[in-house]
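Novice:
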Amino acid sequence: MNGDISQLLPLLGYMAFMIGISFYVRHQQQSGLMNNFVKTYFIGNRDLGGFVLAMTTVATYSSVSSFVGGPGVAWNVGFGWVYMAVVQVTAVFLVLGIFGKRVALLASKFNAVTVVDIIRHRYKSDLLAEISAFIIVLFFCATMVAQFVGGAKLFEAVTGYSYVTGLILFGAMVVVYTTIGGFRAVAITDTCCAVMMMIGIMMLVYFVLQAGGGYDSIVAHLETNRPDMLEPLSGGKMPYGLYLTQWILVGICTIALPQSVVRGLAFKNNKSLVRAMLIGTFVVGFMNIGVNLTGILGQGVMTGAPADYGGTDSIIPRIVVTAMPATLASIAIIGPLSASISTISSLLLVGSSAIIKDIYLHRQERKGNKPGDGKLRILSMLATAVIGAIVFFIAMTPPSLIWLINMFAFGGLETAFFWTLLLGLYWPRANKTGAMLSMVGGTVLYCLAQGMGFKIMGLHQITIGITVSLILFLIGSYVGKPEDKETLGDFFPE
Amino acid sequence: MSEKEKYLQIRREAMWTGITLLILIVFWVLAGFGLAGVDIKVFGLPLWAVAGTFGVWIFAMVLVKLLTTFVFKDIDLETDGNPSRKGGQP
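Structural data, given as structure tokens:
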């Protein structure tokens, strides 16, 4: 199935559709973009309904590694992996329930456009705001590279076209449509992506069952040959510690990811928030169970050891190629690629808002300058395109171990923002000293621990990062001065 | 609703969202590890493998439904200081 052009048509059509959406949105939002470009471009007009809010939150959060790397491991580990992945059903309702309305109300008070705006107002510190923006850009770039690489590798394995062709086809296109359409285009394309992910999963499940000789025969095979895959600890492959860290890393602490919290600035009303919590929980569960189950069912198709197939990362591409007819494979692959592009688009936009709104615009305003909308329009789009281009070129020469890069960045963002946001928004005593110590100290220590491979009791370094940043936050908050009355009055009205 | 009442209501919702998480964690432990030794088959699979995955998913949806029905209230999401904006109420 190498190099057949018809293989590419579904993907080409899909990407063209995405770009069409961005032009349409651009046209539709013309008056908003004329009056307040930065706000309209970076968060839309606060008009997301429940369905779109749920889909964009889930699509941004679900990355290509949840579609390729994860299910590959499930193929080898079994139901323990699904049991672990299902903790992600918390991801949507937690962030929207804890931060959704809080952030929305504060944003209306301060006219905020970014999460960093809120941090700046809460802690009255430009330095802290700029450090936040820097951390966001840094870790987002790492995540985006991982998404590009994962998507392009999958593309290469399934279609037979080169890695670079794939990178250009979906990678360059996502940069283009995000640059043109801004937040609203991201939200709508994310929704299409989430739908395609679900369709892709359903197709995969169907064909894997067919190829494996039916459900009963696959289960019988597992019972006889791989009983370990039917135990929660999976014969030692799934230690309790892994479950614990996954709860922290991909469950609880994901509420602090800036790309998720920013959705609190964008929903229309109470009803859309509540609907999004329900729909989001349904969708995230459907995807995580469905995709990892596909990995397990893949046992019916491939029964060897992981090394026989070139590692667990190659399992899903192999399943697609062996179990599906070529024409359908080229449609099914849109699902995982959607997971990749929907994450990239949101990160790209939040990254560019960090540079333009949180650093550039704020510095100009402090100097008393007020850049015109025309200038901001060009700069905002330029920033989006440039970040996209940089990440794109890094991905041309891919670093290895995508899954790890993705998780590294997840942990870094959580360490930096979890306590700063949670305690900042619900604990009056939280102050600048605590936030600064926690964000800088926690993140630096987390990166050091990652770099040196240092672990405590064999647990992922997120446990070190999140604990250290809590301790530093509390020390700073009790040693330093509380914020002034006016700030506290804004955040905790009497 | 005054600014203070709004804050207290939002804090209450956040707290109950946290409690929902705790309940879900307990359910997750019981449905998975708790049932791991039980010798019952569902769809040919051990009970824990179904309860700990599909069960947790369904239970989470039920909890969120309860949470949003009984704890979440409609709040005007505009501040008093910024009355020009609209869209706070459904």
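One line per chain: the protein sequences are S and G, in this order.
Numbered according to my numbering, the first sequence spans residues 1 to 494.
Numbered according to my numbering, the second sequence spans residues 495 to 584.
Backbone N, C-alpha and C define an ideal beta-carbon position, used for all residues, glycine too.
Take LEU222 of chain S as the anchor and find which of S:ALA354, S:GLU365, S:ALA74 and S:ARG263 has the nearest alpha-carbon.
Specialist: By one-based count along the first sequence, residue 222 of chain S stands at place 222. When each option's Cα is compared against that of LEU222 of chain S, the closest is S:ALA74.
Novice: Step through the CB atoms of chain G and report whether any lies within less than 8 Å of the CB of LEU470 of chain S.
Specialist: Residue mapping note: residue 470 of chain S aligns to position 470 of the first sequence, counting from 1. No, LEU470 of chain S lies away from the interface with chain G (no Cβ there is under 8 Å from its Cβ).
Novice: Which one of S:ALA107, S:PHE286, S:LEU376 and S:ASP228 has the shortest CA to CA distance from VAL261 of chain S?
Specialist: As a position in the first sequence, residue 261 of chain S is number 261, starting the count at 1. When each option's Cα is compared against that of VAL261 of chain S, the closest is S:ALA107.
Novice: Taking the Cβ atom as the reference point for each residue, do ILE119 of chain S and ALA129 of chain S lie within a distance shorter than 8 Å?
Specialist: By 1-based counting over the first sequence, the position of residue 119 of chain S is 119. By 1-based counting over the first sequence, the position of residue 129 of chain S is 129. Going by C-beta atoms, ILE119 of chain S is nearer than 8 Å to ALA129 of chain S.
Novice: Does LEU90 of chain S have its Cβ less than 8 Å from a Cβ in chain G?
Specialist: Here residue 90 of chain S refers to the residue found at position 90 when the first sequence is read from its first residue. According to the sequence shown, residue 90 of chain S is Thr rather than Leu. So, interface residue.
Novice: Applying the 10 Å Cβ sphere with the 16-neighbour rule, what's the burial state of THR303 of chain S?
Specialist: Numbered from 1 along the first sequence, position 303 holds the residue referred to as residue 303 of chain S. When all chains shown are included, THR303 of chain S counts as exposed.
Novice: By Cβ distance below 8 Å, which residues in the same chain neighbour VAL550 of chain G in space, the five residues on each side in sequence not counted?
Specialist: Taking the first residue of the second sequence as 1, we reach residue 550 of chain G at position 56. If we look at VAL550 of chain G and ignore the five residues flanking it on each side, its Cβ neighbours are LEU518, PHE521, TRP522, ALA525 and GLY526.
Novice: Does the beta-carbon of ALA16 of chain S have 16 or more other beta-carbons within 10 angstroms, so that it is buried, or is it exposed?
Specialist: Reading the first sequence from its first residue, position 16 is the one you call residue 16 of chain S. Exposed, since its Cβ has fewer than 16 Cβ neighbours within 10 Å.
Novice: Give the residues of chain S in contact with ASP533 of chain G, contact being defined as C-beta atoms less than 8 Å apart.
Specialist: Here residue 533 of chain G refers to the residue found at position 39 of the second sequence. Here the premise fails: no neighbours, minimum Cβ distance about 12 Å.
Novice: Spell out whether any CB of chain G is found under 8 Å from the CB atom of GLU231 of chain S.
Specialist: The sequence position of residue 231 of chain S within the first sequence is 231, counting from 1. True, the Cβ-Cβ gap to chain G drops below 8 Å.
Novice: Might you give, ordered along the chain, the residues of its own chain that have their beta carbon closer than 8 Å to the beta carbon of ASP358 of chain S, omitting 5 neighbours on each side?
Specialist: Here residue 358 of chain S refers to the residue found at position 358 when the first sequence is read from its first residue. Around ASP358 of chain S: THR114, VAL116, ASP117, ARG120, ALA129, GLU130, SER132 and ALA133.
Novice: Please report whether the beta-carbon of ILE517 of chain G lies at a distance below 8 Å from any beta-carbon of chain S.
Specialist: Here residue 517 of chain G corresponds to residue number 23 of the second sequence, with the count starting at 1. It does not; no Cβ of chain S falls within 8 Å.
Novice: Measure from the C-beta of ARG505 of chain G to each C-beta in chain S and report whether the shortest distance is under 8 Å.
Specialist: Along the second sequence, one-based indexing puts residue 505 of chain G at 11. Yes - at least one Cβ of chain S is within 8 Å of the one on ARG505 of chain G.
Novice: Look at the alpha carbon of ILE456 of chain S and the alpha carbon of GLY442 of chain S, and state the distance between them as a whole number of angstroms.
Specialist: For this step, residue 456 of chain S is matched to residue 456 along the first sequence. For this step, residue 442 of chain S is matched to residue 442 along the first sequence. ILE456 of chain S and GLY442 of chain S: Cα-Cα distance of roughly 15 Å.
Novice: Between S:PHE282, S:ASN431, S:VAL205 and S:VAL82, which lies nearest to GLY476 of chain S when the distance is taken from Cα to Cα?
Specialist: For the purposes of this step, residue 476 of chain S is identified with residue 476 of the first sequence, where counting begins at 1. Here the closest residue by C-alpha is S:ASN431.
Novice: Where do the N-terminal and C-terminal ends of the alpha helix (DSSP H) with VAL87 of chain S fall, by residue?
Specialist: For the purposes of this step, residue 87 of chain S is taken as residue 87 along the first sequence, with counting starting at 1. Taken as a continuous stretch (DSSP letters only), VAL87 of chain S belongs to no alpha helix (DSSP H), as it is neither H nor E.
Novice: With 16 other CB atoms within 10 Å as the buried threshold, where does GLY235 of chain S fall?
Specialist: On the first sequence, position 235 is the one that residue 235 of chain S refers to. Its Cβ having fewer than 16 others within 10 Å, GLY235 of chain S is exposed.
Novice: Do you know offhand how far ASP190 of chain S's Cα is from GLY480 of chain S's?
Specialist: Taking the first sequence and counting its residues from 1, the one referred to as residue 190 of chain S is at position 190. Taking the first sequence and counting its residues from 1, the one referred to as residue 480 of chain S is at position 480. Taking the straight line from one Cα to the other gives about 42 Å.
Novice: Taking 6 Å as the limit between beta carbons, can you name the residues of its chain near CYS193 of chain S, skipping five residues before and five after?
Specialist: Here the question's residue 193 of chain S lines up with position 193 in the first sequence. Counting only Cβ-Cβ distances below 6 Å, and skipping sequence neighbours, we find ALA59, SER338 and SER342.
Novice: With 8 Å set as the bound, which would you pick, yes or no: does the beta-carbon of ARG429 of chain S sit closer than that to a beta-carbon of chain G?
Specialist: Along the first sequence, one-based indexing puts residue 429 of chain S at 429. So no, ARG429 of chain S is outside the interface.
Novice: Buried or exposed: where does GLU486 of chain S fall if 16 or more other Cβ atoms within 10 Å of its Cβ makes it buried?
Specialist: Stepping through the first sequence from its first residue, residue 486 of chain S is reached at position 486. Exposed is the call here.
Novice: Consider the Cβ of MET197 of chain S: report whether some Cβ of chain G lies at a distance smaller than 8 Å.
Specialist: On the first sequence, residue 197 of chain S is found 197 positions in, with the first residue counted as 1. Taking Cβ atoms only, chain G never reaches closer than 8 Å to MET197 of chain S, which makes this a no.
Novice: Between the alpha carbons of LEU379 of chain S and ALA385 of chain S, how many angstroms are there, rounded?
Specialist: Translated into the one-based positions of the first sequence, residue 379 of chain S becomes position 379. Translated into the one-based positions of the first sequence, residue 385 of chain S becomes position 385. Approximately 10 Å between the Cα atoms of the pair.
Novice: Do ILE199 of chain S and MET287 of chain S have their beta-carbon atoms positioned less than 8 Å apart in this structure?
Specialist: As a position in the first sequence, residue 287 of chain S is number 287, starting the count at 1. As a position in the first sequence, residue 199 of chain S is number 199, starting the count at 1. No.
Novice: For the putative contact between ALA466 of chain G and PRO232 of chain S, defined by C-beta atoms under 8 Å, what is the C-beta separation to the nearest angstrom?
Specialist: Coverage of chain G is limited to positions 495 through 584, which leaves residue 466 of chain G absent and any answer about it impossible.
Novice: In whole angstroms, what separates the C-alpha of MET277 of chain S from that of LEU53 of chain S?
Specialist: As a first step, residue 277 of chain S must be located in the first sequence, where it is residue number 277. As a first step, residue 53 of chain S must be located in the first sequence, where it is residue number 53. Rounded to the nearest angstrom, the two C-alpha atoms are 9 Å apart.
Novice: Identify the continuous alpha helix (DSSP H) that holds LYS375 of chain S and give its terminal residues.
Specialist: Counting from 1 along the first sequence, the entry for residue 375 of chain S is found at position 375. Residues 373-396.
Novice: Go ahead and label THR397 of chain S buried or exposed: buried means 16 or more other beta carbons lie within 10 angstroms of its beta carbon, across all protein chains shown.
Specialist: Here residue 397 of chain S is taken as the residue at index 397 of the first sequence, counted from 1. Classification for THR397 of chain S: exposed.
Novice: Work out the CA separation of VAL103 of chain S and LEU502 of chain G for me, nearest whole Å.
Specialist: What you label residue 502 of chain G is simply residue 8 of the second sequence in a count that begins at 1. What you label residue 103 of chain S is simply residue 103 of the first sequence in a count that begins at 1. In a straight line, the C-alpha of LEU502 of chain G is about 14 Å away from that of VAL103 of chain S.
Novice: Is VAL109 of chain S close to chain G, meaning its C-beta is less than 8 Å from at least one C-beta of that chain?
Specialist: For the purposes of this step, residue 109 of chain S is taken as residue 109 along the first sequence, with counting starting at 1. Reading off the sequence, residue 109 of chain S comes out as Lys, not Val. At least one chain G Cβ lies under 8 Å of LYS109 of chain S.
Novice: Based on the DSSP secondary-structure assignment, which residues constitute the bridge partners of PHE418 of chain S?
Specialist: One-based indexing of the first sequence puts residue 418 of chain S at position 418. BP columns for PHE418 of chain S are empty, so no partner.
Novice: Which complete alpha helix (DSSP H) runs does the stretch 496-584 of chain G hold, if anything under 4 residues is left out?
Specialist: You should have 497-525, 541-544 and 550-564.
Novice: I'd like to check one pair, ILE248 of chain S with ILE98 of chain S: are the Cβ atoms closer than 8 Å?
Specialist: Here residue 98 of chain S refers to the residue found at position 98 of the first sequence. Here residue 248 of chain S refers to the residue found at position 248 of the first sequence. No.
Novice: Please name the residue in S:PRO317, S:VAL38 and S:TYR24 whose C-alpha comes closest to that of ASP373 of chain S.
Specialist: Against the first sequence, residue 373 of chain S aligns to sequence position 373. Closest option to ASP373 of chain S, Cα to Cα, is S:VAL38.
Novice: Per DSSP, PHE267 of chain S is paired with what?
Specialist: On the first sequence, residue 267 of chain S is found 267 positions in, with the first residue counted as 1. In DSSP, PHE267 of chain S forms a bridge with S:LEU48.
Novice: What are the residues of the stretch 264-277 of chain S that lie near chain G, defined by any Cβ-Cβ distance shorter than 7 Å?
Specialist: Residues LYS268, ASN269, ASN270, LYS271, VAL274 and MET277.
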